[in-house]
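*Asks:* My questions all concern the structure below.
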Amino acid sequence: MAATPSRGVILIHSAPRALCPHLEWAVGRALGRATSFDWADQPVLGGSRRAEFYWEGPAGTGAALATAIRGWEHLRFEVTEDPTPRSDGGRWMHTPGLGIHYAQTDSAGNVVIGEDRLRYAMDVAAGDVAELERELQIALGSAWDDELEPFRHASDDAPVVWLHKVG
Numbered sequence: 034m035a036a037t038p039s040r041g042v043i044l045i046h047s048a049p050r051a052l053c054p055h056l057e058w059a060v061g062r063a064l065g066r067a068t069s070f071d072w073a074d075q076p077v078l079g080g081s082r083r084a085e086f087y088w089e090g091p092a093g094t095g096a097a098l099a100t101a102i103r104g105w106e107h108l109r110f111e112v113t114e115d116p117t118p119r120s121d122g123g124r125w126m127h128t129p130g131l132g133i134h135y136a137q138t139d140s141a142g143n144v145v146i147g148e149d150r151l152r153y154a155m156d157v158a159a160g161d162v163a164e165l166e167r168e169l170q171i172a173l174g175s176a177w178d179d180e181l182e183p184f185r186h187a188s189d190d191a192p193v194v195w196l197h198k199v200g
């Protein structure tokens, strides 16, 4: 049986200049082909660069890509993998201070919190609403979103890439 094809995006929010070629090499190795990113200066953090790279590969490639580029100091990134008829979507977020966070996503890109994680949050909270909120914020990856948001907005001036046109 052939592997289910998938696609997604790698968003390098900030990387030291010296790390950029190593990231391209690591991503290329995970994809099985050479890659080249279109790097731009990251205005939020002087001396760093940012890039977006659209990828295609078999389902599970998002996890392989996140694994290939995690662990480098001073690197902020997100990897997304779109869901397929046979697999869930996912989003991996990484910051130097928080490490990596994974969340399952639906077809609209929303984070999906599974039943077991919800039950765990309720058990830990034991009726304390503030503790339940804290556990749900952890499950949603809110701390990662908060840290990455200024870097995401820095890309608002980036050129728009239309993937498809309707109508």
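Heads up: the sequence shown begins at 34 in our numbering, then just goes up one per residue. Glycine is no exception: its CB is placed at the ideal position from the N, C-alpha and C atoms.
1) As an exercise, report each continuous beta strand (DSSP E) stretch of at least 3 residues that is fully enclosed by the segment 54–131, in chain order.
2) Mind checking Thr94: buried by the 16 CB within 10 Å criterion, or exposed?
3) Does Thr37 come out as helix, strand or coil in the three-state DSSP assignment?
4) How many angstroms separate the CA atom of Arg176 from the CA atom of Gln170?
5) In three-state terms, what does DSSP make of Ala154?
6) Here's a check: name, in chain order, each residue in its chain whose Cβ is nearer than 7 Å to the Cβ of Pro183, leaving out the five neighbours to either side.
7) Under 7 Å Cβ to Cβ from Thr37, same chain only, skipping five residues before and after it: list those, please.
*Replies:* The short version:
1) DSSP runs (the beta strand (DSSP E)) wholly in the segment 54–131: 81–91, 109–114 and 122–128.
2) Thr94 counts as buried, since at least 16 other C-beta atoms from the protein chains shown sit within 10 angstroms of its C-beta.
3) Thr37 sits in coil when the DSSP states are folded into three classes, being neither helix nor strand.
4) Note that residue 176 is Ala in the sequence shown here, rather than Arg. Their backbone Cα atoms lie some 8 Å apart in a straight line.
5) Three-state result, Ala154: helix.
6) Excluding sequence positions up to five before and after Pro183, its CB lies within less than 7 Å of the CB of Val77, all in the same chain and listed in chain order.
7) Within its own chain, the residues whose Cβ lies closer than 7 Å to the Cβ of Thr37, once the five positions on either side in sequence are excluded, are Pro91, Ala92, Thr117, Arg119 and Ser120, listed in chain order.
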